[in-house]
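Q:
Chains as they are written, first to last, in this note's numbering: chain A, 1 to 414; chain B, 1001 to 1229.
1) How would you list, in chain order, the residues of chain A whose beta-carbon sits under 8 Å from the beta-carbon of residue 1156 of chain B?
2) If we ignore side chains and look at the alpha-carbon of each, how far apart do residue 273 of chain A and residue 35 of chain A end up?
3) My output table needs one value for residue 167 of chain A: the three-state DSSP class, helix, strand or coil.
4) Is residue 109 of chain A helix, strand or coil when you go by DSSP?
5) When the Cβ atoms of the segment 1088 to 1103 of chain B are set against those of the segment 1158 to 1178 of chain B, are three or more pairs found closer than 8 Å?
6) Let me know the secondary structure DSSP gives residue 232 of chain A once reduced to three states.
7) Counting only Cβ-Cβ distances shorter than 8 Å, please list the residues of the segment 14 to 39 of chain A near chain B, keeping chain order.
8) Once DSSP output is grouped into helix, strand and coil, what is the label at residue 988 of chain B?
9) According to DSSP, is residue 293 of chain A part of a helix, a strand, or is it coil?
10) So, at 6 Å on beta carbons, what are the nonlocal neighbours of residue 123 of chain A in its own chain, with the 5 sequence-adjacent residues on each side left out?
11) Cα separation between residue 1048 of chain B and residue 1011 of chain B?
12) Would you say residue 192 of chain A and residue 229 of chain A are within 8 Å of each other, going by their C-beta atoms?
13) Suppose only complete runs of 4+ residues qualify. What are the alpha helix (DSSP H) ranges in the segment 1152 to 1221 of chain B, listed by chain order?
14) Between the segment 318 to 339 of chain A and chain B, which residues of the former have a C-beta closer than 7 Å to a C-beta of the latter?
15) Does the beta carbon of residue 296 of chain A sit closer than 8 Å to a beta carbon anywhere in chain B?
16) Is the segment 1133 to 1152 of chain B close to the segment 1174 to 1189 of chain B, with three or more CB pairs under 8 Å?
17) With DSSP as the reference, identify every bridge partner of residue 418 of chain A, one or two as the case may be.
18) Tell me which residue opens and which closes the beta strand (DSSP E) that residue 1094 of chain B is part of.
19) Assuming residue 185 of chain A contacts residue 161 of chain A (C-beta within less than 8 Å), just tell me the rounded distance between them.
20) Go through the segment 11 to 63 of chain A residue by residue and report every complete run of the beta strand (DSSP E) that reaches 3 residues or more, in order.
21) For the segment 1040 to 1128 of chain B, list the beta strand (DSSP E) runs that are entirely contained and at least 3 residues long, ordered along the chain.
22) When the Cα of residue 235 of chain A is compared with those of A:403, A:396, A:96, which residue comes out closest?
23) State buried or exposed for residue 48 of chain A, treating a residue as buried only when at least 16 other CB atoms are found within 10 Å of its CB.
24) So with Cβ pairs under 8 Å, would you call residue 10 of chain A a contact of chain B?
25) Give the C-beta separation of residue 110 of chain A and residue 173 of chain A to the nearest angstrom, bearing in mind that I take them to be a contact with Cβ-Cβ under 8 Å.
26) The alpha helix (DSSP H) with residue 213 of chain A in it runs from where to where?
27) Out of A:252, A:374, A:266, which has the shortest C-alpha to C-alpha gap to residue 353 of chain A?
28) Please confirm whether residue 292 of chain A has its beta-carbon closer than 8 Å to some beta-carbon of chain B.
29) Considering only C-alpha positions, which residue in the set A:157, A:179, A:222 is nearest to residue 196 of chain A?
30) Say whether chain A places a C-beta atom closer than 8 Å to the C-beta of residue 1220 of chain B.
31) Return the residue from the list B:1041, B:1191, B:1074 that minimises the CA-CA distance to residue 1053 of chain B.
32) Taking the CB atoms as reference points, tell me whether residue 1215 of chain B and residue 1038 of chain B lie closer together than 8 Å.
33) Sort A:225, A:382, A:304 by Cα distance to residue 64 of chain A and report the nearest one.
34) Taking Cβ-Cβ distances shorter than 7 Å, what residues in chain B pair up with residue 359 of chain A?
35) Could you spell out the range, first to last residue, of the alpha helix (DSSP H) harbouring residue 142 of chain A?
36) Based on Cα-Cα distance, which residue from A:315, A:41, A:328 lies nearest to residue 276 of chain A?
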């Protein structure tokens, strides 16, 4: 086999310019794919991390039907204490769950004493919320970043609201709510911080202490509208979903149907569609790579066969088996694809290293994204395998043609 | 037993709707250690006959035994194996592999066809390369060699696998007279040293006079059969 590859390598070097151009084409294809995957991967990771670590968590649990009307923040679709207790037991028992936070979500009127506007509020336990959303504090661009996330009597408000209502940290504001039974209640709060927005539902939400929320809503029982769950690893998402769903199904309503629902971050964030689009674009680039390798290698190998008809006839005449002849041409295509892919991978690593030293920064909505592209070994191996496999496939027909050539006709070829 | 035994062999080529006969019922025998020539003008059937003996083609009818094997029954792969084990070829245009050196061209049949071990190959190739007096040029590629040198390498390549028979189609056609005679003498020496039979085709009267046995073909028929020089 070594001899076959040696012969193949020499034949490739026989037409240096053509080999170089074809290898270059494969190199460019491989680089395009790998760099896109690396950059898109970094973008996805940053965005998904931002959404899950500072807003949604990896998984959310609600009462059945809550997410359908989440825009209205319904107060009558809360999880009752016994259901919350069962869910908490299940979450504590799951080894893949890192933390969770109980949330009381509601809409309120926000007043700075001269103007009013609406605000969506999350009543949270600061320690639990921080454990479930470790990057939430990073969104605080004004206010005390060292103490508890939100203290009783204080409210964290989104940047847009702070700007629009001309409110700053330390100002007094009034939050007025209508509770589930229709009575109105209001309370004065101090602005404890201003939160930078983030892409996704709830990106413009404010935060107060959960006890304040329950007091404002005059809750008789410790109800919860949402449980945000953080996993130890996002890779265990499917397993946790399966495990928790089985336990949540035990919580049933009066009709004997499941009373709760579990959603992954991707079910709740529109960014999941962008992720799907990125994956689709990656697929298209992958298809382009296949096309580039297929066409270029097949073209070169067909030319090689036509140019070497007499040589093929000679080799066949002196006893080279058709299978061996096929192997010679297959090896050429394979080596060509391998060389192009290896160079492409090498250059991709160099570009990725450069981009990590001089990172690309750009804005996505209101977010500043700094790309730190990385090449996953499995992706690199996949691209290498794809290029080599497609090269071999592209060489198959020319190699077959060479192997089936009639030695007499081949020897007579001028 | 004769090395080659042909009985009433014919070969027809299909041209359009008509069968064009290239060989018309040839019968002859060639023994071991022969230095024979098929002679005749262009289109007389010399190359066709060499192709049949070389298992590159099948006769349309008749029986052709080469080294006791009826070559008309061989499959494509079996014919390749037979060629690799029992036959050697020398071509008019030398037909060396351009990316291989003289040494590697000679080594090729042992490596890619026979699958010999490196030590055995080296020993055999060195012996053959010395026999054709190309030791000094062993590293040269075909484009760095003269026509005579290329044909020496081609002869060595044909003989390296110790075949029973070497077939040479117009082996001197592209060489000047002096070189042509040197190649023929080399082939004779090889025949004497290794006991390999040589059959070549030519239309050059001076070259054909070097053969020890001559078969004259004309219009697909044997005109004179096995005339000893």
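Backbone N, C-alpha and C define an ideal beta-carbon position, used for all residues, glycine too.
A: For this structure:
1) Neighbours of residue 1156 of chain B on chain A: none; closest Cβ ~12 Å, over 8 Å.
2) 21 Å
3) coil
4) strand
5) yes
6) coil
7) 14
8) Absent from the model: residue 988 of chain B. The displayed extent of chain B is 1001 to 1229, so no value can be given.
9) helix
10) 104, 208, 210, 213
11) 8 Å
12) no
13) 1177 to 1194, 1205 to 1208
14) 318, 319, 320, 321, 322, 324
15) no
16) yes
17) The structure shown has nothing for residue 418 of chain A, since chain A only spans 1 to 414.
18) Element bounds for residue 1094 of chain B: n/a, residue is neither H nor E.
19) With 8 Å as the limit, residue 185 of chain A and residue 161 of chain A do not qualify as a contact, their Cβ atoms being about 20 Å apart.
20) 59 to 63
21) 1061 to 1066, 1087 to 1090
22) A:96
23) buried
24) yes
25) 6 Å
26) 210 to 216
27) A:374
28) no
29) A:157
30) no
31) B:1074
32) yes
33) A:225
34) Chain B residues near residue 359 of chain A: none, gap ~47 Å exceeds 7 Å.
35) Premise fails: residue 142 of chain A lies in the beta strand (DSSP E), 140 to 143, not in any alpha helix (DSSP H).
36) A:41
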